[in-house]
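Read the structure below first, then the notes.
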Amino acid sequence: GESVGLHLPTLSVQEGDNSIINCAYSNSASDYFIWYKQESGKGPQFIIDIRSNMDKRQGQRVTVLLNKTVKHLSLQIAATQPGDSAVYFCAEKTGNTGKLIFGQGTTLQVKP
Amino acid sequence: GAVVSQHPSWVICKSGTSVKIECRSLDFQATTMFWYRQFPKQSLMLMATSNEGSKATYEQGVEKDKFLINHASLTLSTLTVTSAHPEDSSFYICSARDYRARHYGYTFGSGTRLTVV
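Here it is in structure tokens:
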């Protein structure tokens with residue numbers, strides 16, 4: 002199967018600070034990207050998405066940036082809260098089948 | 017919004033037995049479903065793409081005879097782990113596409129924790 006079988010890196014931030022989570026994707030032909038939040042023992046939860054014809058998209062407290070030149074995606078969370086503590090994954094839609102391939106993931110820890 | 021129900025949420029089985037996991041789209045029809053497995057502190061690994069009425073497409077390295085996928089209706093896909101062994105212990109997650117949705121409609125189930133003893 003496809004994925005990166007490495008242990009997840011951790012980002013630790015203070016409550017109220019902004020968080021930036023980065024992701025490198027693999028396929029230059031991918032045309033759609035999603036950020037997911039996963040809490041322990043649960044399935045992934047949609048946060049925000051972006052199509053490949055855009056370089057920035059904003060939601061409520063979250064912003065996704067896409068740099069196709071270097072195949073890099075980032076998720077910015079403003080005013081990080083304890084409830085934001087979770088594992089965050091980027092995913093890229095690739096191929097005609099529309100399958101989603103997940104990136105490595107980052108554990109976000111918010112300190113009160 | 018779209019809801020995907022996955023059952024059971026956890027299961028413990030003896031080595032050598034088979035286990036079936038169900039994935040249902042509750043309020044939409046899903047011609048395509050995806051199965052993932054996730055080991056502790058790792059990412060989701062795509063196992064296979066399940067297509068209604070046809071054979072599943074397996075990712076490289078995934079044993080199709082061990083992980084049997086059936087997608088007999090537009091709302092149900094099943095994953096059967098045959099002759100399970102302790103190394104098959106993992107978190108299995110399904111995803112279904114709701115083509116009506118704005119964001120390509122990927123909706124995930126809540127996952128199944130499989131423990132083989």
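Chains F and W are the protein sequences, given in the same order.
Each residue of the first sequence is one higher than the one before, starting from 2 at the first, in our numbering.
Each residue of the second sequence is one higher than the one before, starting from 17 at the first, in our numbering.
Note that the Cβ used here is the ideal one computed from N, Cα and C, for glycine as well.
Asked: On a Cα-Cα basis, can you pick out the residue from F:63, F:10, F:69, F:108 that is closest to residue 28 of chain F?; Found: F:69
Asked: On a Cα-Cα basis, can you pick out the residue from W:57, W:80, W:49 that is closest to residue 21 of chain W?; Found: W:49
Asked: Identify the continuous beta strand (DSSP E) that holds residue 55 of chain F and give its terminal residues.; Found: First-last for residue 55 of chain F: undefined, no H or E at that position.
Asked: Strictly below 7 Å CB to CB, what residues from chain F border residue 124 of chain W?; Found: 44, 45
Asked: For residue 89 of chain W, which beta-bridge partners are listed by DSSP?; Found: W:92
Asked: Run through the DSSP bridge pairs and tell me what residue 73 of chain W is partnered with.; Found: W:65
Asked: Between which two residues does the beta strand (DSSP E) holding residue 23 of chain W run?; Found: 20-23
Asked: Judging by CA-CA distance, which residue of F:67, F:52, F:39 is the nearest neighbour of residue 90 of chain F?; Found: F:39
Asked: Using a Cβ-Cβ cut-off of 6 Å (strictly less than) and excluding sequence neighbours within five positions of residue 104 of chain W, which residues of its own chain qualify?; Found: 97, 132
Asked: Quick one: which residues of the region 80-107 of chain F get their C-beta closer than 9 Å to a C-beta of chain W? List them in chain order.; Found: 88, 90, 92, 94, 98, 99, 100, 101, 102, 103, 104, 105, 106
Asked: Taking all protein chains shown into account, do 16 or more other C-beta atoms lie within 10 angstroms of the C-beta of residue 3 of chain F, making it buried, or fewer, making it exposed?; Found: Reliability of the predicted coordinates at residue 3 of chain F is poor, the pLDDT of 45 falling under 50, and the value obtained from them is presented with this limitation in mind. Buried is the call here.
Asked: For the region 40-62 of chain W, enumerate the residues whose C-beta is nearer than 8 Å to any C-beta of chain F, in chain order.; Found: 48, 50, 52, 53, 55, 57, 58, 59, 60, 61, 62
Asked: By Cβ distance below 6 Å, which residues in the same chain neighbour residue 55 of chain W in space, the five residues on each side in sequence not counted?; Found: 106
Asked: Residues of chain F with CB under 7 Å from residue 113 of chain W, in chain order?; Found: 99
Asked: Check this for me: beta carbons of residue 48 of chain F and residue 35 of chain F, under 9 Å apart or not?; Found: yes
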